[in-house]
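Report on the structure given below.
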Amino acid sequence: MAMTETFYEVMRRQGITRRSFLKFCSLTATALGLEPALAGKIAHAMETKPRTPVLWLHGLECTCCSESFIRSAHPLVSDVVLSMISLDYDDLIMASAGHQAEAILTEIREKYKGNYILAVEGNPPLNQDGMSCIVGGRPFVEQLKEVASDCKAVISWGSCASWGCVQAAHPNPTQATPVHEVITDKPLIKVPGCPPIAEVMTGVITYMLTFDRIPELDRQGRPKMFYGQRIHDKCYRRPHFDAGQFVEDWDDEGARKGYCLYKMGCKGPTTYNACSTVRWNNGVSFPIQSGHGCIGCSEDGFWDKGSFYDHVTNTHVFGIEANADRVGIAAAGTVGVAVTAHAVASAVRRIKQGAGEHHEENDKT
Amino acid sequence: MLTGVPTVKQTAVYVYQTPVRIWHWVNALSITILAITGYLIANPLPTLPGEASDHYLMGNMRFFHFAAAYVFIVGFIFRIYWAIVGNSHSHQLFTLPFWRRSFWSELVHEVRWYAFLEKEPRKYVGHNPLAHLFMVVIITVGGLVMIVTGMALYSEQTGLGSWQDHLFGWVIPFVGQSQDVRMWHHWGMWVIVVFVMLHVYTAIREDIMSRQSLISTMISGWRMFKDDRP
Amino acid sequence: MSVQTPNGFELDTSGQRIVVDPVTRIEGHMRCEVNLDENNVIRNAVSTGTMWRGLEVILRGRDPRDAWAFTERICGVCTGTHALTSVRAVEDALGIQIPENANSIRNIMQLTLQAQDHLVHFYHLHALDWVDVVSALKADPKATSELAQSISDWPLSSPGYFRDVQNRIKRFVESGQLGPFMNGYWGNPAYKLPPEANLMAVTHYLEALDFQKEIVKIHTIYGGKNPHPNWLVGGVPCAINVHEAGAVGAINMERLNLVSSIIDRTIDFIDKVYIPDLMAIASFYKDWTYGGGLSSQAVMSYGDIPDRANDSSAANQMLPRGAIINGNLAEVHDVDLRDPEQIQEFVAHSWFSYADESKGLHPWDGVTEPNFVLGPNTKGTKTRIEEIDESAKYSWIKAPRWRGHAMEVGPLARWVIGYAQGNPEFKEPVEKVLTDLQLPVSALFSTLGRTAARGLEGSWAAHKMRHFQDKLMANIKAGDSSTANIDKWDPKTWPKEAKGVGTTEAPRGALGHWIVIKDGKIDNYQAVVPTTWNGSPRDPAGNIGAFEAALLNTPVAKADEPLEILRTLHSFDPCLACSTHIMSPDGEELTRVKVR
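Chains as they are written, first to last, in the UniProt record's numbering: chain V, 1 to 365; chain U, 1 to 230; chain C, 1 to 596.
Shown next as structure tokens:
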């Protein structure tokens with residue numbers, strides 16, 4: 001049987017020499033804190049090891065993650081699918097359907113027990129007995145748990161799998177639940193965004209294949225390398241923010257000069273993502289560059305943080321919707337009025353009291 | 001003063017030691033700067049004309065906010081230290097006599113005094129119970145919340161791995177996300193602003209109407225009593 | 001036992017029942033069951049939408065200016081079209097006029113979607129129903145090259161090129177790790193292409209995969225990202241600045257040139273790869289004439305791509321508006337989305353309940369309460385359905401009807417209406433295809449006709465992008481750089497109550513959003529989407545929807561391989577996340593059930 005195209009061969013085809021490949025392997029060994037002798041082992045593994053099977057399940061979602069994934073420019077998604085991983089199940093592009101599709105899950109689970117990656121797009125709903133997302137006549141959550149039980153690691157693609165996203169926005173009628181709340185016993189990587197950037201998705205996958213480990217994650221379980229900083233931190237419009245130059249209205253002079261979109265509700269300062277550096281669709285642009293503020297789509301619960309066009313957004317507590325500034329100004333105003341009234345009342349009382357004391361004094365004398 | 005009021009014997013107690021008094025006024029200044037710059041960070045001034053390189057308005061605004069925040073935090077830590085080494089009044093800010101019945105009855109009395117239901121306020125060497133309660137809740141607890149949320153937000157720019165991140169980074173996922181922390185920090189500002197308004201008003205009012213000195217006490221440290229009745 | 005439906009189809013449930021769940025290579029989750037007679041011909045078809053997310057209940061009480069972002073997340077495949085429909089609905093409700101440039105940019109974005117979505121659908125969601133990947137290994141690269149060069153002057157057509165691709169596929173197949181091609185229906189007798197055509201198609205499958213990502217860069221330029229670009233009530237968010245300092249922060253000459261070059265490349269790819277492949281593949285399947293369903297009798301389109309801004313008349317729409325019923329192409333009826341008598345949704349066979357389920361409701365009055373119950377003849381249990389009972393409720397999709405008729409929507413519907421209206425933009429390409437393939441007009445009403453109409457529309461859309469990009473340039477040259485109207489941006493300027501409707505022709509067909517705004521917030525929001533029309537279950541009268549109708553009378557080569565079923569379903573390009581929606585009349589929280 002002829003060998004499949006291995007990682008090494010892909011790298012060769014992309015113009016990387018054997019010399020650089022070996023250098024890459026020794027650097028990898030160093031990065032992993034291994035002794036240099038192990039570099040040879042890494043090289044050998046990359047030259048020969050079969051492609052890692054990836055089972056890509058879809059729950060309640062809109063398929064934007066898959067659509068984003070196929071936009072990857074480097075590596076090209078055709079290379080990822082044909083040469084880097086073995087995308088054995090993804091109901092968006094797979095040839096088979098029905099029983100034949102379901103059979104793949106069973107086969108991979110048995111054949112690659114503990115060695116395949118489970119990628120989840122969307123999330124399981126728990127209301128309606130889980131039957132608001134049915135796969136093979138059963139609730140999606142069952143399929144998810146079964147496939148997860150034998151996987152090596154889980155990738156939660158996008159904000160649906162990571163946080164819940166739009167179907168989990170208030171009042172979450174289907175009780176759509178993020179994957180990490182259902183699968184708790186496996187290493188899990190969140191790659192949030194609605195959708196995540198294509199090259200970030202393939203970047204995470206190739207990192208795992210290259211270094212044979214899970215990328216370093218932050219507190220919320222996101223890869224630090226792509227979600228370590230806010231969009232604001234690396235935004236090319238940041239100088240306008242620092243200078244105090246803002247778009248004040250759509251299509252105003254500031255908009256035409258590319259000023260900061262902070263006043264238009266841009267969530268760049270509170271959103272951890274790589275949009276302002278990696279940018280979108282092979283680096284062509286990103287929301288802020290195209291004139292619209294960031295809506296914070298990679299942040300937990302971003303749908304329920306008030307309007308996308310407010311900077312000081314509404315706070316929802318106990319079912320009440322309130323804006324801190326409006327309430328604050330009203331409260332300060334009320335207190336100001338109350339204080340004035342109280343001061344007047346106090347003065348009146350003091351005058352009265354003073355007069356009273358005066359009388360008493362007069363009486364004494 | 002009305003004419004004809006007889007001179008009353010004033011007794012004096014040394015309440016606020018010099019470091020506490022300095023802390024108070026430094027704190028007042030830092031809170032003022034923090035509130036103004038904070039508000040303007042959330043609601044920036046109108047756009048400035050010209051090149052971005054000509055200005056650094058938001059940058060300065062944020063610098064003053066962070067600088068004042070550090071002063072506030074250092075002051076806060078110092079104040080805790082002083083609560084330990086200072087006189088008996090100095091730890092009032094960190095203790096609430098929750099289980100002391102008289103505290104609550106005095107509190108009620110103080111509220112009634114402000115509601116014009118009591119003819120005469122009681123005398124206190126330190127804070128009156130109402131002020132005491134507000135001080136603990138707003139300045140100590142509120143200050144702590146502002147420090148923790150503020151440092152969490154600050155850690156976003158110092159970055160993962162910074163000491164601010166190690167100490168306060170957990171706050172963001174704990175509260176929800178960055179935007180939530182921002183909102184609560186912003187709400188906190190308004191709570192403090194409203195408190196400051198009440199504090200300044202009552203200090204002036206009580207200085208005039210109560211039986212003890214207030215404003216001058218925070219300058220000289222001495223609590224002067226206007227009469228010698230209990 | 002056989003039944004006659006009011007819309008003229010015969011259903012017979014006596015034969016062997018085949019279940020396909022999940023139906024793959026579609027957006028979202030869908031199930032299909034059919035009954036085969038003794039000759040393996042489909043005599044009954046049941047299509048079930050198997051997901052819903054409740055987006056419309058989530059929209060209640062929100063800022064109407066934010067609605068586009070929520071509705072855009074209805075679907076990431078036809079990304080942007082729901083957002084455009086939504087901003088149009090809000091603008092209609094509030095009487096907002098948009099600048100001419102905003103109209104051009106929105107049209108370019110919508111056409112970008114049409115071109116890219118149709119291309120991806122053809123190669124990546126549909127082609128494997130016609131193309132046998134494994135057979136491509138047997139092809140002679142030289143003969144493949146000759147075939148390719150005989151149908152197109154696309155430069156990537158040398159024998160060496162095809163040999164490289166073939167070697168790559170060969171190594172891939174021989175690795176034993178077939179990835180997305182695993183368990184495919186390779187070797188099924190329903191595949192008719194010679195190995196060379198298969199190799200050419202597989203090669204272009206990979207080429208199209210790499211190229212489709214280029215087309216969407218237009219969304220990235222005007223909308224900041226794709227999938228899910230940004231939109232704006234009152235115009236478009238991107239400002240234009242071609243003359244002055246600071247232009248680098250806006251849509252400037254470089255950006256406009258980039259759009260222009262992508263448009264040229266898109267036209268090239270579609271006309272030199274997609275259309276020739278489509279024609280070549282179709283020529284081998286000329287006698288596979290199944291899957292017409294409703295297309296020959298009831299089709300509908302709302303119209304889209306307004307030439308001038310703020311003119312919603314049918315004459316101003318470049319994609320046609322109208323409805324054809326009873327197969328009478330001589331008469332195209334006008335469609336009015338505001339008329340409560342025209343569009344109505346029924347739930348007798350959907351997992352929702354109405355007070356009176358024999359009647360339909362217009363979307364502005366739409367109520368939807370979920371009611372997940374299965375019929376008495378269901379095989380299996382509530383959470384383990386083996387066979388569904390279509391005599392009861394059986395889908396998360398509602399059944400919309402136009403004046404009581406089940407309608408087909410989509411590219412074929414649009415092209416049939418354009419053809420019936422005698423519009424040369426539609427009539428001439430259709431006639432050319434029919435002449436080239438030596439087929440009668442009736443061949444249009446089939447699975448392949450649907451696939452062909454989509455291809456023609458992809459090309460049409462690419463060329464129309466050029467029209468609007470040129471129009472945009474001309475308008476900028478004339479001194480108009482305006483992209484947004486902010487007169488009614490502030491909710492204080494809005495009336496206390498307003499109602500609006502927005503429409504587009506999504507890649508999959510007629511799409512409408514109905515909004516009711518009260519006190520500056522969304523009071524009611526309803527979307528009736530293409531797959532709700534096409535994938536609708538039966539209505540109280542027993543009319544079957546387009547999916548079910550199209551599957552009938554199709555012979556299946558191998559009962560255990562649903563290749564023909566997939567072929568016809570895919571020709572509609574189903575989008576299930578779009579089609580399933582729910583609205584609770586009082587927005588109450590539904591019962592929570594923990595499954596752990």
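Glycine included, every Cβ here is placed at the ideal spot set by N, Cα and C. Treat the numbers as computed from the prediction; the structure is a model and nothing was measured.
- In the displayed model, LEU439(C) falls within coil according to three-state DSSP, outside both helix and strand.
- According to DSSP, GLU497(C) shares a beta bridge with LYS518(C).
- Cβ atoms of GLY184(C) and SER132(V) stay farther apart than 8 Å, at about 30 Å.
- When the Cα atoms are used, SER312(C) and ILE522(C) turn out to be separated by approximately 23 Å.
- Flagged as an interface residue toward chain V: GLN177(C), by a C-beta distance shorter than 8 Å.
- When the alpha-carbon of MET201(V) is set against those of PRO239(V), ARG222(V), SER285(V), ILE183(V), the nearest one is in ARG222(V).
- In the displayed model, SER298(V) falls within coil according to three-state DSSP, outside both helix and strand.
- Bounds of any beta strand (DSSP E) do not take in ASP242(V); it lies within the alpha helix (DSSP H) bounded by 238-243.
- Setting aside the 5 residues that flank it on each side, LYS217(C) is surrounded in the same chain by ILE262, each with a C-beta closer than 6 Å to its C-beta; the list follows chain order.
- Listed along chain V is no residue with a C-beta nearer than 9 Å to that of ALA392(C); the closest approach is about 15 Å.
- The count of Cβ pairs closer than 8 Å, one atom from the segment 120-130 of chain U and one from the segment 202-213 of chain U, reaches three, so the stretches are in contact.
- When C-alpha distances from PRO173(V) are compared across LEU55(C), PRO195(C), VAL165(C), the shortest belongs to LEU55(C).
- Out of ARG205(U), VAL20(U), TRP25(U), the CA that lies nearest to the CA of ILE84(U) is found in VAL20(U).
- Against chain V, a Cβ distance below 8 Å from SER210(U) picks out nothing, because the smallest value is about 11 Å.
- CA-CA distance, SER446(C) to LEU551(C), rounds to 10 Å.
- Contact of SER105(U) with chain V is not assigned, every C-beta pair being separated by 8 Å or more.
- The Cβ atoms of PHE162(C) and LEU278(C) do not sit closer than 8 Å to each other.
- Listed in chain order, the non-local C-beta contacts of HIS186(U) below 7 Å within the same chain comprise ALA42, local neighbours out to five positions each way being set aside.
- If one requires a minimum length of 4 residues, the alpha helix (DSSP H) runs lying completely within the segment 446-481 of chain C are 447-477, in chain order.
- Rounded to whole angstroms, ASN534(C) and LYS398(C) show a C-alpha spacing of 11 Å.
- When secondary structure is reduced to three states using DSSP, ASN103(C) falls in the helix class.
- In the structure shown, TRP396(C) adopts coil according to DSSP, grouped into three states.
- Around HIS228(C), the beta-carbon contacts reaching into chain V at under 8 Å are CYS64, CYS194, PRO195, CYS297.
- DSSP, read as helix, strand or coil, puts CYS75(C) in coil.
- Residues of the segment 205-224 of chain V with a C-beta atom less than 7 Å from some C-beta of chain U are ASP218, ARG219, GLN220, LYS224, listed in chain order.
- Among the residues of chain V, those whose CB is under 7 Å from the CB of TYR222(C) are SER290, following chain order.
- The Cβ-Cβ distance between LEU437(C) and SER283(C) falls below 8 Å.
- If the five residues before and after ALA557(C) are omitted, its C-beta is found closer than 8 Å to the C-beta atoms of ASN40, ASN188, PRO189, ALA190, LEU563, GLU564, all from its own chain and listed in chain order.
- With respect to VAL236(C), ALA67(C) sits apart: the two C-beta atoms are not nearer than 8 Å.
- In the structure shown, the three-state DSSP call for HIS126(C) is helix.
- Residue state for GLY75(U) is assigned as helix, using DSSP reduced to three classes.
- Within the segment 10-29 of chain C, the residues whose Cβ lies closer than 9 Å to any Cβ of chain V are, in chain order, ILE18, VAL19, VAL20, ASP21, PRO22, VAL23, THR24, ARG25, ILE26, GLU27, GLY28, HIS29.
- Under the three-state reduction of DSSP output, VAL193(U) falls in the helix class.
- For ASN115(V), the number of other beta carbons within 10 angstroms of its own is below 16, and it is reported as exposed.
- C-alpha of SER88(U) to C-alpha of ILE31(U): approximately 25 Å in a straight line.
- ALA343(V) belongs to the set of residues whose beta carbon lies under 8 Å from a beta carbon in chain U.
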